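Okay, so here's the structure we're looking at.
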Amino acid sequence: MTETPRQLAERLAQLTWDTRPERERAQTLLMREYLRRAALWAREVGRLRPEIAEPELVLWPFADLPQALAPDVRAPAEDIALAEQGFADQGLHDTMKETCRRALHFRAVQAAGIALPRLPDPYAPLILMFERGDFFTPRPGGYVEVGSVNLKVGRMGKYLREEPFAPMDPAALDALDSGQGPRTGGGTLESARPDQRRPAGGGRGMGR
Numbered sequence: 001m002t003e004t005p006r007q008l009a010e011r012l013a014q015l016t017w018d019t020r021p022e023r024e025r026a027q028t029l030l031m032r033e034y035l036r037r038a039a040l041w042a043r044e045v046g047r048l049r050p051e052i053a054e055p056e057l058v059l060w061p062f063a064d065l066p067q068a069l070a071p072d073v074r075a076p077a078e079d080i081a082l083a084e085q086g087f088a089d090q091g092l093h094d095t096m097k098e099t100c101r102r103a104l105h106f107r108a109v110q111a112a113g114i115a116l117p118r119l120p121d122p123y124a125p126l127i128l129m130f131e132r133g134d135f136f137t138p139r140p141g142g143y144v145e146v147g148s149v150n151l152k153v154g155r156m157g158k159y160l161r162e163e164p165f166a167p168m169d170p171a172a173l174d175a176l177d178s179g180q181g182p183r184t185g186g187g188t189l190e191s192a193r194p195d196q197r198r199p200a201g202g203g204r205g206m207g208r
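Numbered according to full-length UniProt numbering, the sequence shown terminates at residue 208, and the numbering increases by one at each position without gaps.
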């Protein structure tokens, strides 16, 4: 059964946004998995909406995918308000907060029964990352900061692949962090250079 916007809002309202350095490897792989899924969706929506000339620029990586799928369908205002209790005053980057809202709108599109491409849920990796204890911050130069690692995003084409970057099972993610899990193909963690690492005490709202 598909999760409703209300159910997702309740999950988002409970987030604590604690950083978990010991989970950095799997958290970064979850961000890669989001980028992969978002790329697959952007390509498919571009096919369905030929008027979108450049899907990579318009629909990826943190664009309003639900708006492109169903412009008239939005999550209920009360569900948005409930979810914002978990992130509105946390000093998070605006893109982070908009991504949470768009995940709710995507649930609303699903609940409306609109025919959608047979692709994996684009927002599930990020929601799982948040629940495991972390957030992301876009940085200049095409980087996304996850924990103390700055991930170079690159072009959409390198994410257009069928093989996932990360499992969606919490136990398997814990195994990856402990070094016991299998190395996910193409998902090796790139250690940040010293100048890429977030300084101690770095705020969540940096780089707005």
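Don't be surprised by glycine CBs; every beta carbon is placed ideally from N, CA and C. Given the structure is predicted, the values throughout are model-derived calculations rather than measurements.
Span of the beta strand (DSSP E) around residue i
| i | result |
| --- | --- |
| residue 209 | No answer is possible for residue 209: it lies beyond the span of the chain, which begins at 1 and ends at 208. |
| residue 137 | 136–139 |
| residue 10 | Where residue 10 is concerned, there is no enclosing beta strand (DSSP E), although the alpha helix (DSSP H) it sits in stretches over 5–13. |
| residue 146 | 143–146 |
| residue 149 | 149–152 |
Enclosing alpha helix (DSSP H) for residue i [first to last residue]
| i | result |
| --- | --- |
| residue 34 | 24–48 |
| residue 56 | 55–59 |
| residue 109 | 94–111 |
| residue 131 | 124–133 |
| residue 172 | 170–178 |
Reduced DSSP category for residue i - H, G, I as helix; E, B as strand; rest coil
| i | result |
| --- | --- |
| residue 87 | coil |
| residue 73 | coil |
| residue 162 | coil |
| residue 51 | coil |
| residue 68 | helix |
| residue 21 | helix |
| residue 81 | helix |
Cβ-based neighbour list, residue i, same chain, cut-off 8 Å, excluding 5 preceding and 5 following
| i | result |
| --- | --- |
| residue 125 | 30, 31, 33, 34, 37, 166 and 168 |
| residue 143 | 150, 151, 152, 153 and 196 |
| residue 52 | 45, 46, 58, 59 and 68 |
Given residue i as reference, the closest of the options once Cα atoms are compared
| i | options | result |
| --- | --- | --- |
| residue 156 | 22, 26 and 41 | 41 |
| residue 148 | 6, 25, 2 and 122 | 25 |
| residue 44 | 3, 68 and 27 | 68 |
| residue 139 | 112, 96, 8 and 159 | 96 |
| residue 76 | 160, 106 and 49 | 106 |
| residue 86 | 2, 177, 3 and 9 | 9 |
| residue 119 | 163, 22, 176 and 12 | 163 |
| residue 177 | 13, 7, 15 and 28 | 28 |
7 Å CB neighbourhood of residue i in its chain, flanking five on each side removed
| i | result |
| --- | --- |
| residue 20 | 132, 133 and 134 |
| residue 99 | 62 and 126 |
| residue 64 | 102 |
| residue 5 | 75, 76, 79, 104, 107, 108 and 111 |
| residue 72 | none |
Same chain only: Cβ atoms within 6 Å of residue i, ignoring 5 sequence neighbours per side
| i | result |
| --- | --- |
| residue 90 | 17 |
| residue 173 | 26 |
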